[in-house]
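First residue of the sequence shown: 13, per my numbering; consecutive thereafter. Note that CB positions come from ideal geometry on N, CA and C, so glycine has one too.
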Amino acid sequence: MVGLVVAATCFLSITRSWWDGTHQTGCGKELPPGQFTGSVSNITIISSGSERSYLVFVPPHYSPCVAKPIIFSYHGGDRTAEDQLKLDQLTNPEFNKNAFVVYPQGINDKWQGVPNITTNDTQFTADILRDVESRYCIDSSRIWATGKSDGAGFCNILACDPILSTRFAAFAPVSGAYYVDALPCDPTTVVSPCFPGRRNIPFLAFHGGNDTTIAFAGGERKNECLPSIPHFIREWAERDGLGSHNITEPLADDAVIYSFGGGSVQLVYDSVMGHDWPSTILNADNSAAGHHPASFNASRMIIDFFESHSL
Ligand SMILES: *[C@@H]1O[C@H](CO)[C@@H](O)[C@H](O)[C@H]1NC(C)=O
Ligand SMILES: *[C@@H]1O[C@H](CO)[C@@H](O)[C@H](O)[C@H]1NC(C)=O
Ligand SMILES: *[C@@H]1O[C@H](CO)[C@@H](O)[C@H](O)[C@H]1NC(C)=O
Ligand SMILES: *[C@@H]1O[C@H](CO)[C@@H](O)[C@H](O)[C@H]1NC(C)=O
Ligand SMILES: *[C@@H]1O[C@H](CO)[C@@H](O)[C@H](O)[C@H]1NC(C)=O
Ligand SMILES: *[C@@H]1O[C@H](CO)[C@@H](O)[C@H](O)[C@H]1NC(C)=O
């Protein structure tokens, strides 16, 4: 009897995917050979004529009959997909048991948007999306993006893209490098080129006050301009039609949350944190000399933020 109910539910989801019409979905399909629930696989695809790869984590209780959300997590500059998997803890069941996680690998460990990098990672992201949606049963209303440093900067490029901003439901960049090709650089007024395809983009950013790589105050770097982080987040609030005033709430002794428009745009500011992924336990960032663990886990806040935003 239970088996019949499961079969009927799966049949319904296959029927729905059949009726999806425009593109093939993975609903009702078994996992590809060699892939298992709760584990990570390395996938190779061709994008813009080049061989590219990404890691994909299949959530522990995945069944091809139930559509699951998916998180894209972009590594920092000169780091790898594997480094990001260890850093973001999004495959740790303590933070995420429900969503797929994809870790795209940048060419030469770099992303589009970094000065002088001309790779089309927007196209790469669209190609990965098509690939995962054809293999797995993905809930297309719950596709989310996060990343660290240059990978966070690339999240912002996705959020500013006319098309991909309409595919991703929310963005959560950490210690982001949001380069703007504008000199001389005035970090408090520089305008980020940004053309999202909708006006209600949920955006949660994290940044440290002692970030000696991507300064909270912004400034010139690699012959381009980094905005001050408060200015950058206010641009998002204004773009989303939320005004520029925030509600400031304490998060910990050294950290506050600036919330705009009821919290759909937020900046988590930790005044003593370096260029890190905030975590109360040691990670590759906060264990470096002069760094220290944070008083909160960004991974928890990111998952909660994502779970509360769907398309
Ligand atoms: C995934 O496969 C690609 C292409 O073969 C390779 O370059 C990359 O190092 C692999 N990644 C991992 C984490 O094994
Ligand atoms: C990436 O490719 C898409 C279409 O395939 C194109 O519209 C876009 O302009 C390209 N972006 C860059 C930065 O080259
Ligand atoms: C980018 O390329 C230009 C022209 O080749 C060069 O002048 C500039 O120094 C490069 N910038 C960086 C950060 O490498
Ligand atoms: C939030 O508001 C407070 C009080 O007006 C202000 O001091 C702070 O700079 C604002 N933060 C941002 C990111 O705009
Ligand atoms: C700020 O970070 C640097 C390393 O990037 C470290 O040397 C310094 O001690 C830190 N300052 C504080 C006040 O934590
Ligand atoms: C942060 O996450 C770690 C696991 O990565 C956990 O041990 C710790 O209790 C969490 N801290 C808080 C304050 O929730």
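Measure how close the beta-carbons of L279 and H321 come, nearest whole angstrom, since I'm counting them as under 8 Å. That pair is no contact at about 16 Å.
Just reading off the alpha helix (DSSP H) that G165 is part of, what are its end residues? Counting along the chain, the alpha helix (DSSP H) containing G165 begins and ends at D162 to A171.
Using the rule of at least 16 other Cβ atoms within 10 Å of the residue's Cβ for burial, across every protein chain shown, is E145 buried or exposed? E145 is buried by the Cβ-count criterion.
Identify the residues that DSSP records as bridge partners of W156: which are they? W156 pairs with I83 and A182.
Near ligand 5, which residues have their beta-carbon less than 5 Å from any of its heavy atoms, given in chain order? Around ligand 5, the residues whose beta-carbon falls short of 5 Å from at least one of its heavy atoms are N222, T224, G286 and G302, given in chain order.
Could you tell me whether any non-hydrogen atom of ligand 4 is closer than 8 Å to the CB of R353? Because the chain in this structure spans residues 13 to 323, residue 353 falls outside the shown range and cannot be described.
Can you tell me the Cα-Cα spacing of T260 and P76, whole angstroms? If you draw a straight line from the Cα of T260 to the Cα of P76, it is about 42 Å long.
Does the distance from the CB of I226 to the CB of S187 come in under 9 Å? Yes. Within cutoff.
Report all residues for which the CB-ligand distance to some heavy atom of ligand 1 is below 7 Å; order them along the chain. Cβ-based neighbours of ligand 1 within the cut-off: N54, T56, E63, S65, L67, T92, A93, E94 and Q117.
Please determine, among I57, G61 and G163, the residue with the shortest C-alpha to C-alpha distance to A93. Among I57, G61 and G163, the Cα nearest to that of A93 is on G163.
Between F318, G159, V284 and G255, which has its C-alpha nearest D95's C-alpha? Per the Cα distances, G159.
Would you mind sorting A79 into buried or exposed? The rule is 16 or more other CB atoms within 10 Å of its CB. The residue is buried, with at least 16 neighbouring Cβ atoms inside 10 Å.
How many whole angstroms separate the CB atoms of G286 and T224, which I take to be in contact at a CB cut-off of 8 Å? 7 Å between Cβ atoms; contact.
Assuming contact is defined by CB atoms lying nearer than 9 Å, are S240 and A249 in contact in what I supplied? Between S240 and A249, the C-beta gap is not smaller than 9 Å, which leaves the two residues out of contact.
Under 7 Å Cβ to Cβ from G33, same chain only, skipping five residues before and after it: list those, please. Any reading at G33 needs caution, since the residue's pLDDT is 49, under 50, leaving its predicted position unreliable; the model's value is listed next. Beyond the five residues adjoining it in sequence on each side, G33 comes within less than 7 Å, by CB distance, of no other residue in the same chain.
Can you check which of these residues, K41, Y66 and G61, is closest to V52 by C-alpha distance? The residue with the shortest Cα to Cα distance from V52 is Y66.
For H304, which of helix, strand or coil comes out of DSSP? For H304, the secondary structure class from DSSP, reduced to helix, strand or coil, is coil.
Can we count Q124 as close to ligand 2, meaning its CB is less than 8 Å from some heavy atom? Flag set: Cβ of Q124 near ligand 2.
How big is the Cα-Cα spacing for P71 and I150? Cα to Cα, P71 sits roughly 11 Å from I150.
Determine the direct distance from the alpha carbon of P105 to that of F112, and round the result to whole angstroms. If you take the alpha carbons of F112 and P105, they lie about 12 Å apart.
Whether A264 touches I213 by CB criterion (9 Å): Cβ atoms of A264 and I213: not closer than 9 Å.
Using three-state DSSP, classify Q96 as helix, strand or coil. The answer is helix: DSSP assigns Q96 an H, G or I state.
Could you give the distance in angstroms between the alpha-carbon of K109 and the alpha-carbon of C197? When rounded, the distance between both Cα atoms is 43 Å.
If you compare alpha carbons, which of D90, F180 and D288 is closest to T134? Cα-wise, what sits closest to T134 is F180.
Any heavy atom of ligand 2 closer than 8 Å to the beta-carbon of T178? No; taking the cut-off as 8 Å, the Cβ of T178 has no heavy atom of ligand 2 nearer than that.
So if DSSP puts L279 in a beta bridge, which residue, or which two residues, is it bridged to? According to DSSP, L279 bridges with A217 and Y270.
In angstroms with no decimal places, state the Cα-to-Cα distance between I58 and V268. One C-alpha to the other measures close to 43 Å.
Could you tell me if N128 is buried or exposed, where buried requires 16 or more neighbouring beta carbons within 10 angstroms of its beta carbon? Exposed is the call here.
With which residues is C237 paired in a DSSP beta bridge? Looking at the DSSP assignment, C237 forms a beta bridge with V192 and E232.
Would you report the Cα separation of F207 and P174, rounded to the nearest angstrom? Distance between the alpha carbons of F207 and P174: 6 Å.
DSSP state of D151, grouped into three classes? Correct three-state label for D151: strand.
For I55, which beta-bridge partners are listed by DSSP? Y66, per the DSSP bridge assignment.
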